[in-house]
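Down below is the structure, laid out as structure tokens.
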Amino acid sequence: MKNVLEQLTQRRQAAQLGGGQKRIDAQHTRGKLTARERIELLMDENSFEEFDAFVEHRCTDFGMGDKKIPGDGVVTGWGTINGRVVYVFAKDFTVFGGSLSEAHARKITKIQDMALQNRAPIIGLFDAGGARIQEGVAALGGYGEVFLRNTLSSGVIPQISVIMGPCAGGDVYSPAMTDFIFMVRDTSYMFVTGPDVVKTVTNETVTAEELGGASVHTTKSSIADRGYDNDVEALLQMRRLMDFLPASNLVDVPQLPTKDAASRKDLSLDTMIPDNPNQPYDIKELIRKVADEGDFFEIQEAHAANIVVGFGRMEGRTVGFVANQPMVLAGVLDSDASRKAARFVRFCDCFGIPLVTLVDVPGFLPGTSQEYGGLIKHGAKLLFAYAEATVPKVTVITRKAYGGAYDVMSSKHIRGDVNYAWPTAEIAVMGPKGAAEIIYRSELDDPDKIQKRIDDYETRFANPFVAAERGYIDEVIQPHATRQRLCRALNMLRTKKVENPWKKHDNIPL
Ligand code: HXC
Numbered sequence: 001m002k003n004v005l006e007q008l009t010q011r012r013q014a015a016q017l018g019g020g021q022k023r024i025d026a027q028h029t030r031g032k033l034t035a036r037e038r039i040e041l042l043m044d045e046n047s048f049e050e051f052d053a054f055v056e057h058r059c060t061d062f063g064m065g066d067k068k069i070p071g072d073g074v075v076t077g078w079g080t081i082n083g084r085v086v087y088v089f090a091k092d093f094t095v096f097g098g099s100l101s102e103a104h105a106r107k108i109t110k111i112q113d114m115a116l117q118n119r120a121p122i123i124g125l126f127d128a129g130g131a132r133i134q135e136g137v138a139a140l141g142g143y144g145e146v147f148l149r150n151t152l153s154s155g156v157i158p159q160i161s162v163i164m165g166p167c168a169g170g171d172v173y174s175p176a177m178t179d180f181i182f183m184v185r186d187t188s189y190m191f192v193t194g195p196d197v198v199k200t201v202t203n204e205t206v207t208a209e210e211l212g213g214a215s216v217h218t219t220k221s222s223i224a225d226r227g228y229d230n231d232v233e234a235l236l237q238m239r240r241l242m243d244f245l246p247a248s249n250l251v252d253v254p255q256l257p258t259k260d261a262a263s264r265k266d267l268s269l270d271t272m273i274p275d276n277p278n279q280p281y282d283i284k285e286l287i288r289k290v291a292d293e294g295d296f297f298e299i300q301e302a303h304a305a306n307i308v309v310g311f312g313r314m315e316g317r318t319v320g321f322v323a324n325q326p327m328v329l330a331g332v333l334d335s336d337a338s339r340k341a342a343r344f345v346r347f348c349d350c351f352g353i354p355l356v357t358l359v360d361v362p363g364f365l366p367g368t369s370q371e372y373g374g375l376i377k378h379g380a381k382l383l384f385a386y387a388e389a390t391v392p393k394v395t396v397i398t399r400k401a402y403g404g405a406y407d408v409m410s411s412k413h414i415r416g417d418v419n420y421a422w423p424t425a426e427i428a429v430m431g432p433k434g435a436a437e438i439i440y441r442s443e444l445d446d447p448d449k450i451q452k453r454i455d456d457y458e459t460r461f462a463n464p465f466v467a468a469e470r471g472y473i474d475e476v477i478q479p480h481a482t483r484q485r486l487c488r489a490l491n492m493l494r495t496k497k498v499e500n501p502w503k504k505h506d507n508i509p510l
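Under our numbering, read the sequence shown as residues 1 to 510, first letter to last.
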């Protein structure tokens, strides 16, 4: 008996060491933690239970028969984050560069299947060199099995990817099909083909960071939802994010205790809107002033900053905030902003997270670059996402709601449940100047006359009451009471039940 126990301890210790101390040291020298260290930080203390620590690959080609390392380059299992069950897999770069073999893929798919069956979130930590080159098609098949499960789990359980080292070749598509991708700055990069292949095929000279670092993917490509300075920060933020998310599409959003009273008034909101309609203000200030304890987890902060999206809580329960940002491009809707917000709205709708929409939008961005870039289709994504969403939808128009963007931003007409406006709201087809100059084009050479026309248009439409008279706005509210009104509306909507007509799935403009 003693012997077998010792054998178990020895085998476990060998597995714990992954690719060996030298490679662990190399990992640390690069500023990266090992797969197991990452899991320790991510999960509640002593909660992680590892599966398949003794799994080895079965490849015999290219001398691989003699090179077997228990675990085969990925650590998998389950544990808890703040007491709630989460499944996890972490690529172990110290073992064959974290590359994916058939056996490695089976370990991941086992965890994916368990997460889906037991309806709990799954987090993947990536640090890997793609398909195990020695295994050929067996590795490609393994990727396919992982991708299939990503697709089947989409919209059923939250799937989160954190890129903490190289993520190349086949490794990129699994994260791309998950709900959110986070990256660690300077130590992680993601691309389909690396700098060497790029040089061969296109003759471009580019570094790994320039091709697929966090600086690129959180801004230009928008592949990544946020970047963090190091492994520790990224993992602690994942713990924070998980507190906002429900375990699956079958259960309610988490409810956390809060000391922030629903009745809290904020008088500073009464003077938030500047007298000059063209002067910006920071919509994030409004989000922080209405959300519980000012806690806001922003998604895609560095991309399309003209729209702000992220999670907060109202009376302890998660909500998704979507808000035009007057500080950036006057809060205009362009292709990037529309795509960013559409994806967020659809995530919230998948998982029963109510939407709070704060509107100050001068319209869609005009111009050839937008039109050539497909603004019509991208704008339609957001319109579609809001229209199909059946979660509670509460909207507050703080200032401008012009043109098509008025309809898009969770208006009454696309099933906004409760639509509030501040007294400073202006709801019209376009701004007074643009409107007057089109309707009274013949008077353009008479500045006094045209100014009078502008003033008339402003008097008629630069207020919330024309919309309120038609019932498009349910109530014009005092800005200082916004939190209270939102909490009341969200409470009232907790029993909301709406179903869309049966369909296999919709055909959102892609
Ligand atoms: C087998 C691999 C490997 C791989 C790395 N290693 N990638 N082993 N298959 N794909 C091994 C190395 O041999 C080395 O082993 C160890 O991992 C560390 O790798 P290094 O190259 O020393 O590390 P580093 O300099 O940091 O470079 C990391 C890297 C590089 C950038 C990831 O290893 C690399 O370019 N790897 C190949 C990437 C790639 O092209 N993958 C295949 C993509 S095709 P030792 O024993 O020396 O420690 C693909 C198709 C799937 O994925 C498509 C499905 C849709």
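Where a beta carbon is used, it is the ideal one built from N, C-alpha and C, also for glycine.
query, result
"At which residue ranges does the segment 83 to 164 contain complete alpha helix (DSSP H) runs of 4 or more residues, listed in the order of the chain?", "102 to 117 and 137 to 153"
"So what does DSSP say about residue 348, is it helix, strand or coil?", "helix"
"Go to residue 198, then tell me how far its beta strand (DSSP E) extends in each direction, as first and last residue.", "That residue, residue 198, is in no beta strand (DSSP E); its alpha helix (DSSP H) goes 195 to 202."
"Relative to the C-alpha of residue 394, which residue among 354, 510 and 248 is closest?", "354"
"Taking 7 Å as the limit between beta carbons, can you name the residues of its chain near residue 301, skipping five residues before and five after?", "226"
"Assuming residue 83 and residue 44 are in contact, meaning their beta carbons sit under 8 Å apart, how far apart are those beta carbons, in whole angstroms?", "7 Å"
"Looking at residue 104 and residue 85, is the spacing between their C-beta atoms short of 8 Å?", "no"
"Comparing alpha-carbon positions, which option in 16, 117, 13 and 136 lies nearest residue 64?", "136"
"Starting from residue 259, trace the alpha helix (DSSP H) in both directions and tell me its first and last residue.", "It is not in any alpha helix (DSSP H) - residue 259 carries neither H nor E in the DSSP assignment."
"Quick one: does the C-beta of residue 99 sit closer than 7 Å to a heavy atom of the ligand HXC?", "yes"
"With C-beta atoms as the reference, is residue 380 less than 8 Å away from residue 509?", "yes"
"Between the segment 262 to 281 and the segment 228 to 244, do three or more beta carbon pairs fall short of 8 Å?", "no"
"Taking residue 275 as part of the beta strand (DSSP E), name the residues at either end of that continuous run.", "Neither: residue 275 is in no beta strand (DSSP E) and is coded neither H nor E."
"In chain order, what are the residue ranges of uninterrupted alpha helix (DSSP H) at least 4 long that sit wholly in the segment 302 to 384?", "335 to 350 and 368 to 372"
"Are residue 435 and residue 397 touching if we call contact CB-CB under 8 Å?", "no"
"Does the beta-carbon of residue 23, which I'm using as the reference point, lie nearer than 7 Å to any heavy atom of the ligand SAM?", "Looking at this structure, you won't find the ligand SAM anywhere; what it does contain is the ligand HXC."
"Are residue 249 and residue 352 touching if we call contact CB-CB under 8 Å?", "yes"
"List the whole-angstrom C-beta distance separating residue 53 from residue 15, where the pair is believed to meet the contact cut-off of C-beta under 8 Å.", "4 Å"
"Using three-state DSSP, classify residue 218 as helix, strand or coil.", "coil"
"Are the Cβ atoms of residue 165 and residue 196 separated by less than 8 Å?", "no"
"Under a CB-based cut-off of 8 Å, is residue 381 close to chain B?", "Looking at the structure shown, chain B is missing, and only one protein chain is on hand."
"Around the C-beta of residue 67, are 16 or more other C-beta atoms found within 10 angstroms, so that it is buried, or is it exposed?", "exposed"
"Once DSSP output is grouped into helix, strand and coil, what is the label at residue 394?", "strand"
"For a test of the three-state rule: what should DSSP assign to residue 419, helix, strand or coil?", "strand"
"Whose C-alpha, out of 199, 185 and 414, is nearest the C-alpha of residue 213?", "185"
"Please state the DSSP three-state secondary structure of residue 399.", "strand"
"Exposed or buried, residue 422, counting other C-beta atoms within 10 Å across all chains shown (16 or more means buried)?", "buried"
"For the segment 30 to 84, which segments carrying the alpha helix (DSSP H) assignment without a break, of at least 4 residues, lie completely within its bounds, in sequence order?", "35 to 42"
"Do residue 297 and residue 343 count as a contact pair if the criterion is CB distance below 8 Å?", "no"
"Would you identify the three-state DSSP class for residue 190, choosing helix, strand or coil?", "strand"
"How would you call residue 372, buried or exposed, if buried means at least 16 neighbouring beta carbons within 10 angstroms?", "exposed"
"Going straight from the alpha carbon of residue 222 to that of residue 308, what length do you get?", "14 Å"
"For residue 39 versus residue 95, is the C-beta distance shorter than 8 Å?", "no"
"May I ask you to report which of helix, strand or coil DSSP gives residue 473?", "coil"
"Around the Cβ of residue 324, are there at least 16 other Cβ atoms within 10 angstroms (buried) or fewer (exposed)?", "buried"
"On the DSSP bridge list, what partners appear for residue 428?", "402"
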